[in-house]
Each structure stands twice: as structure tokens, then as C-alpha cells.
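Let me begin by presenting the structure, written as C-alpha cells, before commenting on it.
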Amino acid sequence: MSSLGKDSLLTLWAIPKKKDVPLILDAKQTIDKKLKGPAFPIHMTLAGQFDLNLSKAKILEEEMANAIDPIEISYKGYGMKDYFFQAFYVKVNLNQDLQTTRSKICDILKIENEEFMPHLSLYYGKQALEKKQSLLTELPDIEGSFMAETFYLVSFDPENIEWKILNSINLGERGHD
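Just remember that the numbering used here sits 119 ahead of the position in the sequence shown, which is counted from 1.
Written as C-alpha cells, this is what we have:
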């Protein structure tokens, strides 16, 4: 990663362990070969575009670690949109646990809990729907879940599709007085 651009955004990601999502990694590799998208890790964005000065970051990270327990993320099937950052993805089930976790995150970060469409991106870019749909026959049927035990504070530069993990937050680690 080169240094990130001035328009970088702060985002919060859940990144599955590679051993937990082999079929998703296979699907991403197949899609990358055909569509030649930018490289990025499999992740689910939980919150984006929030302001956080680094002195407050530590407090918020501790608050998040205390308030949020590890969560099981369930996924099934593929989705695609005519939107660069949701061009091709694995659909994530927005169940009650995930909704509650998202609400807690928004409260802690003091951001609006706006529409949330959880997904695991496989490809960023602009390709015709037909071209993306034609790949579906080459992809494995996908259904499963993984445990998100850590959230990652990530600086993401949408102009250059570059990211930098700033810190990890281990969930469910209760602070002791």
C-alpha cells in the first residue's frame, strides 16, 4: 500500500479468516480472472465515512470491545448491482443479531443508522450485468457463516481503491476496573 490519498474515509470492517470462507475466496479468484477488478480482502463494511480523531479512537475501540460480542455472520447466494462498490458480492443475512450490532456501532461512533445492506464484496467495477451473470455458472453454490471476533478500523481511499488497517478491535473483551 502506498500512502493513502487525502480523500480517505474511515471505515469499520469485519474480515473473515481465510480458512472459514474457502468457497468465497474461490469465487473471488474466478471473478478476478474474468473481470480484472482491483485487489482487496474479503470484508463486510459495518460502518463507513465517519470522523474519528486518533485521541478518541482508543476510547471508542475500548467501548466497542466492551459493548459488542463476537457475532456469527451468515451468508447465502450472490448479488450484483450497477454500483461500483456493490458490483458483485455475496449476500449477507441481516438478522436480528447483526441489526443489533450495527445499531451499537452507530451509537458508539455517533453516526446515523441509515440503510444497511450487508454484503461481502467479490468485485468492484463497472461491467455489464450480462457479463457478470454469465459468471454465475462458474461459481460454487455459496452458503455458510463465519464468526466475526475482531473488527478492523480501516482507512479506505475510494479514488485509488487502497486501504490500510489502522487497528483491530477484539470483540467481547470486557475491561476490568
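Built from N, CA and C at the ideal position, the CB exists for glycine as well.
Everything numeric in this text was worked out from a predicted model, so none of it was measured.
Local conformation of residue i per DSSP, three classes
| i | result |
| --- | --- |
| residue 266 | strand |
| residue 152 | helix |
| residue 178 | helix |
| residue 183 | helix |
| residue 203 | helix |
| residue 307 | Absent from the model: residue 307. The displayed extent of the chain is 120 to 296, so no value can be given. |
| residue 158 | coil |
| residue 131 | strand |
| residue 147 | helix |
Residue i Cβ short of 8 Å to the ligand SAH heavy atom set
| i | result |
| --- | --- |
| residue 231 | The ligand SAH is not part of this structure, which contains no ligands at all. |
Cβ-based burial, residue i [other Cβ within 10 Å; buried from 16]
| i | result |
| --- | --- |
| residue 265 | buried |
| residue 178 | exposed |
| residue 164 | buried |
C-beta neighbour in chain C for residue i, strict 9 Å
| i | result |
| --- | --- |
| residue 287 | Absence of chain C from the displayed structure is noted, only one protein chain being present. |
Proximity below 9 Å, CB of residue i to CB of residue j
| i | j | result |
| --- | --- | --- |
| residue 280 | residue 271 | no |
| residue 223 | residue 187 | yes |
| residue 189 | residue 268 | yes |
| residue 131 | residue 166 | yes |
| residue 199 | residue 142 | no |
| residue 128 | residue 226 | no |
| residue 245 | residue 207 | no |
| residue 235 | residue 215 | no |
Original post:
What runs of the alpha helix (DSSP H), each 4 residues or longer, lie entirely inside the segment 211–295?
Top reply: 215–228, 248–253
Original post:
Between the segment 146–166 and the segment 236–253, do three or more beta carbon pairs fall short of 8 Å?
Top reply: yes
Original post:
Using 8 Å as the Cβ pair cut-off and three pairs as the minimum, do the segment 188–198 and the segment 254–264 touch?
Top reply: yes
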